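S.K.: In this note's numbering, the protein residues as written are 34 to 635.
1) Quick check: the segment 446-454 against the segment 411-425, are there 3 or more CB pairs under 8 Å?
2) In angstroms with no decimal places, state the Cα-to-Cα distance between residue 186 and residue 585.
3) Keeping to the same chain, check which residues put their C-beta closer than 7 Å to that of residue 488; ignore five residues upstream and five downstream.
4) Taking the C-alpha atoms as reference points, what is the distance between residue 151 and residue 302?
5) Between the segment 456-465 and the segment 490-509, are three or more C-beta pairs nearer than 8 Å?
6) Verify whether the separation of the beta carbon atoms of residue 444 and residue 568 is less than 8 Å.
7) In this structure, how does DSSP classify residue 262 when only helix, strand and coil are distinguished?
8) Could you say if the segment 255-266 and the segment 233-241 meet the contact criterion of at least three C-beta pairs nearer than 8 Å?
9) Measure the C-alpha to C-alpha separation of residue 582 and residue 600 and round it to an integer number of angstroms.
10) Tell me which same chain residues have a C-beta within less than 6 Å of the C-beta of residue 573, skipping the five on either side of it?
11) Return the chain-ordered list of same chain residues with a C-beta closer than 7 Å to the C-beta of residue 524, the five sequence neighbours on each side being excluded.
12) Within the same chain, show all residues whose beta-carbon is closer than 7 Å to that of residue 448, passing over the 5 residues directly before and after it, in chain order.
13) Run through DSSP, which three-state label would residue 89 get?
14) Just to confirm, are residue 621 and residue 635 a CB contact at a threshold of 8 Å?
15) Span of the beta strand (DSSP E) holding residue 207?
16) DSSP beta-bridge partners for residue 634?
17) I need the straight-line Cα distance from residue 529 to residue 352, nearest angstrom please.
18) Could you tell me how far apart the beta carbons of residue 180 and residue 163 are, in whole angstroms, since I believe they sit closer than 8 Å?
19) Who pairs with residue 611 in a beta bridge, going by DSSP?
20) To which residues of the same chain is residue 229 closer than 7 Å at the C-beta, ignoring the five residues directly before and after it?
21) Measuring alpha carbon to alpha carbon, tell me which of 619, 183, 625 ends up nearest residue 521.
22) So, is residue 211 buried or exposed, given that buried needs 16 or more other C-beta atoms within 10 angstroms?
23) Under the rule that 16 or more other beta-carbon atoms within 10 Å means buried, what is residue 175, buried or exposed?
24) Is the beta carbon of residue 362 closer than 8 Å to that of residue 397?
25) Using only the alpha-carbon positions, how far apart do residue 313 and residue 268 sit?
26) Return the first residue and the last residue of the beta strand (DSSP E) that residue 398 is part of.
27) What residue range does the alpha helix (DSSP H) around residue 150 cover?
28) Which residue marks the beginning of the alpha helix (DSSP H) containing residue 361, and which one marks its end?
29) Taking 8 Å as the cut-off, does the segment 401-409 touch the segment 290-309 (at least 3 CB pairs, one atom from each stretch)?
30) Under 8 Å between the Cβ atoms of residue 538 and residue 590?
31) With residue 518 as the anchor, note down where its beta strand (DSSP E) starts and where it stops.
32) Would you tell me roughly how many angstroms separate the C-alpha atoms of residue 482 and residue 221, rounded to the nearest one?
33) Between which two residues does the alpha helix (DSSP H) harbouring residue 424 extend?
34) If you scan the segment 455-522 from start to end, which runs of the alpha helix (DSSP H) of 4 or more residues do you find wholly inside it?
35) Compute the Euclidean distance between the alpha carbons of residue 617 and residue 261, then round it to the nearest angstrom.
36) Under a Cβ-count criterion, where at least 16 other Cβ atoms within 10 Å of its own Cβ denotes burial, should residue 319 be classed as buried or exposed?
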């Protein structure tokens with residue numbers, strides 16, 4: 034698919050403004066009823082707090098609320114401390130900035146120059162709670178499992194593990210025991226095996242499929258059911274070979290020793306990812322060239338002008354000329370014959386090359402002859418989002434698996450194929466299931482017609498183990514409910530660009546797979562996300578949608594990293610929470626080392 038990670042690129046940070054507290058606006062005049070741009074944004078102007086609200090189809094500032102300043106009371110002079118940086122004279126929220134990534138420590142966390150998509154950078158406040166542990170805390174009593182606590186993510190060491198402060202039903206906070214050596218479990222086998230949950234593409238009623246976004250021509254590789262139809266460049270099970278090449282530019286030369294370190298890390302992580310998530314069935318061998326190829330032109334000269342629409346049926350061809358230019362340079366040194374994929378990366382800090390450089394299985398001239406290749410080139414969006422190279426590699430070839438990706442929750446930070454620049458770099462369980470990468474003992478499958486009550490335990494998708502990862506309830510020939518657990522573990526602990534789950538994050542999440550909604554994800558003409566798409570909006574067809582918990586959210590910790598205008602919290606079930614989906618109730622009845630759910634037919 035042409036869209037790659039840029040489906041969500043343009044709004045990953047700009048829409049995060051909806052969650053930012055109060056910003057100080059000094060250059061703009063705010064009046065009640067005048068237009069604003071970001072729903073729910075709050076600003077402080079002339080001693081009033083104004084909120085951006087929806088009025089009909091417009092966004093306007095409300096009447097504002099008068100800010101009452103409290104009368105100051107004398108207090109002792111505090112002991113001077115070098116941190117945190119005083120908030121006085123810091124950049125103001127929402128003000129333009131130039132150096133993406135520059136940040137200042139504050140009393141509430143930090144303020145950072147963030148990319149908002151396109152050519153807009155601005156200062157954003159990031160409010161990060163200070164977590165306590167056994168060595169630094171002000172607990173009035175020694176914590177005990179089940180007792181109330183104050184801050185999600187606080188911990189206290191106990192024999193053989195620790196207590197963690199976590200949210201449960203109703204937004205209450207209690208201490209939960211987490212063992213250093215995680216307890217294990219054994220689930221009952223699927224009553225009729227796992228085959229019953231393999232929704233068949235042959236059962237799709239073609240007349241019900243939404244219009245495809247690929248130039249009106251249906252892409253046979255876009256399917257969410259079984260069997261999968263891999264593109265010609267993907268071998269499963271088996272081995273694919275890819276070449277990683279670094280290209281620098283006259284205005285920005287790279288360092289060979291730095292490139293060698295980057296390549297070593299990316300190869301290590303890519304190897305580990307495929308080994309674990311494929312259960313040893315698939316490898317993507319990376320050959321790296323540990324010196325920079327020197328382009329003769331500036332990086333910006335390779336940018337795409339978007340005068341043609343890459344969403345067309347043959348959108349790949351718009352990159353042919355620039356791709357061939359790169360190959361002409363590389364093929365002088367390297368025999369490209371063994372490789373199906375070429376990754377091209379640039380020195381850190383290169384942000385002028387603006388191109389959604391995604392090429393799939395196109396013919397190019399090499400010194401050995403005509404060779405069909407995937408070519409995935411780095412670019413401004415990946416750099417400004419702080420994407421990890423190896424995650425970009427996995428995401429792009431993942432579309433050849435072919436995982437449609439970009440659902441459920443396009444741009445949300447819960448999986449590799451919805452946001453390789455997010456938090457979790459795990460696959461979704463359904464994607465593993467599609468690829469035959471989950472053994473039967475890691476799947477619980479049942480037809481709704483056979484369901485009465487089932488109890489199933491799950492471990493987080495981000496944790497490396499051999500425990501059950503997915504519960505599936507088949508609803509019809511073309512629909513199923515999938516339940517999986519998410520949490521803080523190996524594959525969500527990179528903290529790249531300060532991206533991390535809130536302290537104490539855990540829970541189960543549910544989505545409905547509908548293979549009759551399997552179409553190319555909706556994108557704008559530049560390959561980026563549609564501005565008003567939350568990533569889970571039912572007005573845009575996609576193969577799966579996250580489902581909300583019953584009632585109000587119980588997990589109340591704030592996600593500092595956010596894509597889209599919709600809070601994630603309503604989709605996370607904590608202990609005691611339930612989902613009610615098409616006549617099936619799912620309740621989280623146990624939590625700690627793993628999550629246990631009770632599935633009941635209503």
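Cβ coordinates follow ideal geometry from the N, Cα and C atoms, glycine included. Keep in mind that this is a model prediction, so the values were computed, not measured.
M.R.: Let me spell this out:
1) yes
2) 21 Å
3) 629, 631
4) 30 Å
5) yes
6) yes
7) coil
8) yes
9) 13 Å
10) 555, 566
11) 457, 458, 459, 495
12) 457, 459, 460, 461
13) coil
14) no
15) 205-212
16) 617
17) 30 Å
18) 21 Å between Cβ atoms; not a contact.
19) 620
20) 478, 480, 507
21) 625
22) buried
23) exposed
24) no
25) 13 Å
26) 391-399
27) Premise fails: residue 150 is in no alpha helix (DSSP H) and is neither H nor E.
28) 353-363
29) no
30) yes
31) 512-518
32) 18 Å
33) 422-431
34) 462-467
35) 28 Å
36) buried
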